[in-house]
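The structure appears below as structure tokens.
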Amino acid sequence: MDQVGPSALIVEGGAMRGVFSCGVLDTFLARDFSPFDSFWGVSAGASNLAAYLAKMPGRNRKIYTDYSCRRAFLTPGRFLRGGDLMDLDWMWTITLAELGIDKAVLAADPRPFFLAVTRQDSGQAEYHTPDVEQLAETMKASSALPVLYRKGVRLGQHTYVDGGVADALPVAEAIRRGARQIMVLRSRPASYRKSASGLPALQRWLLRDTPHLVEPMLSRAERYNRTLDLIRQPPEGVNIVEICPPESFRLKRLTRDAEPLERGYELGRIAGEAAMARWQPFSGDGQSPAPQCHRSNPAPAV
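Numbering (the numbering used here), first residue to last: 88 to 389.
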């Protein structure tokens with residue numbers, strides 16, 4: 088699907104930090120707000136978009152504040168014994184069994200939903216638009232962070248890992264395919280810039296069985312910060328509305344305390360109202376309004 092319509096919604100990952108975009112999207116659902124021609128999700132952002140497109144408010148909130156906090160999901164002892172720190176297999180099995188996902192609603196929506204994944208044997212980003220039967224495995228692949236989930240996820244003839252390894256914010260790809268009015272839901276405050284990977288020798292050793300992932304993992308900061316520059320200074324004819332958590336948003340990737348996760352979700356609900364107010368339908372006149380970045384009002388740290 089080389090070309091898409093002019094309006095796009097892009098949702099960043101970030102593991103537990105994705106609870107913020109979960110709140111934003113639940114507000115969109117409550118207001119029946121969906122003026123987008125295409126959807127782009129990475130890691131936790133892809134899972135949040137799936138619940139949004141399935142019109143299941145509250146689904147992923149429960150995943151963040153309940154299932155993700157359970158001992159079965161994150162087990163350091165298992166990781167030290169050579170297993171996975173994050174048990175994505177357990178998470179996907181139990182949430183699909185107990186919460187489900189409305190495949191009929193998903194299948195009825197003709198708009199393309201791109202899930203960013205990273206091919207394990209090349210380190211290159213790919214953007215998949217799976218059918219509803221393959222969606223769950225593709226979401227898992229987009230969330231399979233190397234080292235923390237060791238084996239990756241097989242999709243067809245190849246194995247894939249977290250989309251954030253190669254393209255954490257697929258803004259350039261959306262623009263390349265024709266998007267001109269773009270909303271980006273971030274999982275970091277607006278001031279955040281990614282730092283270069285620490286302990287590169289250790290990362291190379293940890294990734295010794297997947298050598299093609301070494302370079303993209305070590306260069307993530309450069310690509311991420313370059314995309315932030317693109318968001319703040321888009322090309323002529325492109326307008327980007329960036330929705331960021333407040334500077335007080337301090338959730339960690341693997342936060343397991345339900346209370347701060349609930350607060351992060353509520354911050355997202357508030358930001359969702361502001362995001363809708365700032366959205367301007369694509370005019371098609373070739374003019375590019377000034378980029379917009381919503382910075383939520385100061386709030387207690389989460």
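All C-beta atoms in this analysis are idealised placements derived from N, C-alpha and C, irrespective of residue type, glycine included.
Practice item. Could you check the C-alpha separation between leucine 338 and proline 347 for me, to the nearest Å? Key: For the purposes of this step, residue 338 is taken as residue 251 along the sequence shown, with counting starting at 1. For the purposes of this step, residue 347 is taken as residue 260 along the sequence shown, with counting starting at 1. Each residue's Cα considered, the two are about 7 angstroms apart.
Exercise for review: Check the DSSP bridge columns for threonine 246 and list the partner residues they point to.
Suggested key: On the sequence shown, position 159 is the one that residue 246 refers to. DSSP lists Arg241 as partners of threonine 246.
Check your understanding: For the segment 127-188, which segments carrying the alpha helix (DSSP H) assignment without a break, of at least 4 residues, lie completely within its bounds, in sequence order?
Key -> 131-140, 146-152, 163-167, 175-185
Review point. Within the chosen definition, does the segment 211-229 reach the segment 116-130 through at least 3 CB pairs nearer than 8 angstroms?
Key: yes
Check your understanding: Going by alpha carbons, who is nearest to aspartate 196 out of Ala212, Gln268, Ile150, Ser121?
Key -> Here residue 196 refers to the residue found at position 109 when the sequence shown is read from its first residue. Ranking the options by Cα distance to aspartate 196, first place goes to Ser121.
Check your understanding: Going by the CB atoms, is the gap between isoleucine 188 and alanine 141 shorter than 7 angstroms?
Key -> The residue given as residue 141 occupies position 54 in the sequence shown. The residue given as residue 188 occupies position 101 in the sequence shown. Their beta carbons are under 7 angstroms apart, which means alanine 141 touches isoleucine 188 by this criterion.
Practice item. Ignore the nearest five residues each way along the sequence and tell me which others in proline 144's own chain have a CB closer than 6 angstroms to its CB. Key: Translated into positions along the sequence shown, residue 144 becomes position 57. Contacts found: Asp113, Leu116.
Review point. Alpha carbon to alpha carbon, how far is tryptophan 366 from leucine 167?
Key: Reading the sequence shown from its first residue, position 279 is the one you call residue 366. Reading the sequence shown from its first residue, position 80 is the one you call residue 167. Whole-angstrom Cα-Cα distance: 47 angstroms.
Check your understanding: Under three-state DSSP, which class holds glutamate 334?
Key -> Locating residue 334 in the sequence shown gives position 247, where the first residue counts as 1. Note: glutamate 334 maps to coil in three-state DSSP.
Practice item. Look up threonine 205 in the DSSP assignment and say whether it is helix, strand or coil. Key: Translated into positions along the sequence shown, residue 205 becomes position 118. Strand at threonine 205.
Check your understanding: Which residue from Met270, Leu183, Val248 puts its Cα closest to that of threonine 205?
Key -> To locate residue 205, count along the sequence shown from 1; it is residue 118. Ranking Met270, Leu183, Val248 by Cα distance to threonine 205 puts Val248 first.
Point to revise | 6 angstroms CB neighbourhood of glycine 251 in its chain, flanking five on each side removed | key: Mapped onto the sequence shown, residue 251 falls at position 164. Here the set comprises Gly100, Val129, Ser130.
Exercise for review: On the DSSP bridge assignment, give the partners of isoleucine 327 in chain order.
Suggested key: Your numbering for residue 327 matches position 240 in the sequence shown. Ile269, per the DSSP bridge assignment.
Point to revise | Validate contact between the segment 212-226 and the segment 175-194 using beta carbons, cut 8 angstroms, 3 pairs | key: yes
Review point. Within 10 angstroms of its Cβ, does threonine 314 collect 16 or more other Cβ (buried), or is it exposed?
Key: Residue 314 sits at position 227 when you count from the first residue of the sequence shown. Buried, by the Cβ-count rule.
Practice item. Look at the alpha carbon of leucine 286 and the alpha carbon of glutamine 211, and state the distance between them as a whole number of angstroms. Key: Indexing the sequence shown from 1 puts residue 286 at position 199. Indexing the sequence shown from 1 puts residue 211 at position 124. Straight-line Cα distance between these residues: approximately 23 angstroms.
Review point. Near isoleucine 330, what residues of its chain come up, given a Cβ to Cβ distance below 6 angstroms and the 5 sequence neighbours on each side ignored?
Key: Here the question's residue 330 lines up with position 243 in the sequence shown. Hits under 6 angstroms: Leu272, Ala358, Ala362, His381.
**Study point:** Alpha carbon of glutamine 90 to alpha carbon of isoleucine 327, nearest angstrom
**Key:** Here residue 90 refers to the residue found at position 3 when the sequence shown is read from its first residue. Here residue 327 refers to the residue found at position 240 when the sequence shown is read from its first residue. Using only the alpha carbons, I get a separation of about 18 angstroms.
Exercise for review: Check the C-beta distance from tyrosine 214 over to glutamate 260 and give it rounded, since I have them as a contact under 8 angstroms.
Suggested key: Mapped onto the sequence shown, residue 214 falls at position 127. Mapped onto the sequence shown, residue 260 falls at position 173. That belief holds up - the Cβ atoms of tyrosine 214 and glutamate 260 are roughly 6 angstroms apart, short of 8 angstroms.
Review point. So, helix, strand or coil for alanine 212, using DSSP?
Key: Taking the first residue of the sequence shown as 1, we reach residue 212 at position 125. In this structure, alanine 212 counts as strand in the three-state DSSP scheme.
**Study point:** Cut-off 6 angstroms between Cβ atoms - residues of its own chain near threonine 162, not counting five sequence neighbours on either side
**Key:** Numbered from 1 along the sequence shown, position 75 holds the residue referred to as residue 162. Taken in chain order, the list of residues that qualify is empty.
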